[in-house]
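Structure below.
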């Protein structure tokens, strides 16, 4: 495929490169309202979504296979600006050990609760700290048919590049909300969602529990669990039956087990 880039960046001191590198920090992403998606699969999901894409950055020297050119043609059809990076420049902005030469700059969405309606179950990640956990929760939810993911009192934001990576880009085609716990509880109560808290200290097992059609499953952080505000809401508390004195399960694993039990 003949690529006609709008620009080529070959210098590590280039201002545009410095800007891209600055977006690894949460405060800069929020200030600029932009973030990065790296990788073939992530960008395949991004280009099929309704997100606004600013620029596609490519390095042909790092390409794996021929599918990259088909993907680039999709960006071309949407008139996305394309910039070529030399290998050393791409590796400077990449957050992967083995970059594949595809990186895009996209516009973040305002993820606060609005007037939109949500049907079916919601997975709520409460103060999840590790990007890998949050991204894996998103990917697992997608595989089980859960399309709605909320972050309450976020610590790690949805647009963290490592969240995008761990979700393999599935987050771009899901319904995302990030807001305060108070606002989310008000929304769930107003719309008659059954709130289910995964609480290892309660007595009731999740096994064979049958939820209502519209339920919200809350998973807390591994270190602190679910925040106290959730326990002040009208909710059902369930636990996973763990054996051999294991009293703590990885957050993404707990989410996977809980979703499987509630949806099967």
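In this note's numbering, the protein residues as written are 3 to 266.
From the three backbone atoms N, C-alpha and C, an ideal C-beta is built for every residue, glycine too.
If you're wondering where the values come from, they're calculated on a predicted model, not measured in any experiment.
Exposure label - residue i; buried when at least 16 CB within 10 Å
| i | result |
| --- | --- |
| residue 204 | exposed |
| residue 166 | buried |
| residue 40 | buried |
| residue 266 | exposed |
| residue 226 | exposed |
| residue 191 | exposed |
| residue 239 | buried |
| residue 262 | exposed |
| residue 218 | buried |
| residue 123 | buried |
| residue 31 | buried |
Extent of the continuous beta strand (DSSP E) to which residue i belongs
| i | result |
| --- | --- |
| residue 200 | 196-200 |
| residue 150 | 150-154 |
| residue 85 | 83-87 |
| residue 251 | Element bounds for residue 251: n/a, residue is neither H nor E. |
| residue 54 | Taken as a continuous stretch (DSSP letters only), residue 54 belongs to no beta strand (DSSP E), as it is neither H nor E. |
| residue 240 | 238-240 |
| residue 66 | Looking at the DSSP string, residue 66 is not in any beta strand (DSSP E), and its letter there is neither H nor E. |
Enclosing alpha helix (DSSP H) for residue i [first to last residue]
| i | result |
| --- | --- |
| residue 217 | No alpha helix (DSSP H) contains residue 217, which is instead part of the beta strand (DSSP E) from 217-222. |
| residue 231 | 230-233 |
| residue 72 | 69-79 |
| residue 23 | 17-24 |
| residue 34 | 28-34 |
Nonlocal neighbours in the same chain, by C-beta distance under 7 Å from residue i, ignoring five residues either side
| i | result |
| --- | --- |
| residue 243 | 207, 209 |
| residue 169 | 137, 140, 141 |
| residue 174 | 47, 48, 51, 53 |
| residue 12 | 88, 91 |
Cβ shell of residue i (< 6 Å), same chain only, five flanking positions each side left out
| i | result |
| --- | --- |
| residue 189 | 115 |
| residue 120 | 150 |
| residue 65 | 103 |
Within-8 Å CB hit, residue i to chain D
| i | result |
| --- | --- |
| residue 151 | This model lacks chain D altogether, as it is built from one protein chain only. |
Chain-order list of residues whose beta-carbon lies under 8 Å from that of residue i (same chain, five-residue window excluded)
| i | result |
| --- | --- |
| residue 94 | 14, 19, 23 |
| residue 73 | 42, 45, 46, 49, 104 |
| residue 279 | Outside the displayed span of the chain (3 to 266) sits residue 279, for which this structure offers no information. |
Problem set entry | the stretch 97-115 in contact with the stretch 125-136 per 3-pair CB rule at 8 Å | no
Exercise. Do three or more CB pairs link the stretch 138-149 to the stretch 109-116 at distances below 8 Å?
Worked result: no
For this session: Mind the definition here: the stretch 66-81 touches the stretch 152-164 only if three or more C-beta pairs lie below 8 Å; say whether that holds.
Result: no
Exercise. Which full runs of the beta strand (DSSP E) of 3+ residues lie inside the stretch 163-213, going along the chain?
Worked result: 177-181, 196-200
Exercise. In chain order, which continuous runs of the beta strand (DSSP E) of length 3 or greater are located wholly inside the stretch 89-161?
Worked result: 104-109, 124-128, 150-154
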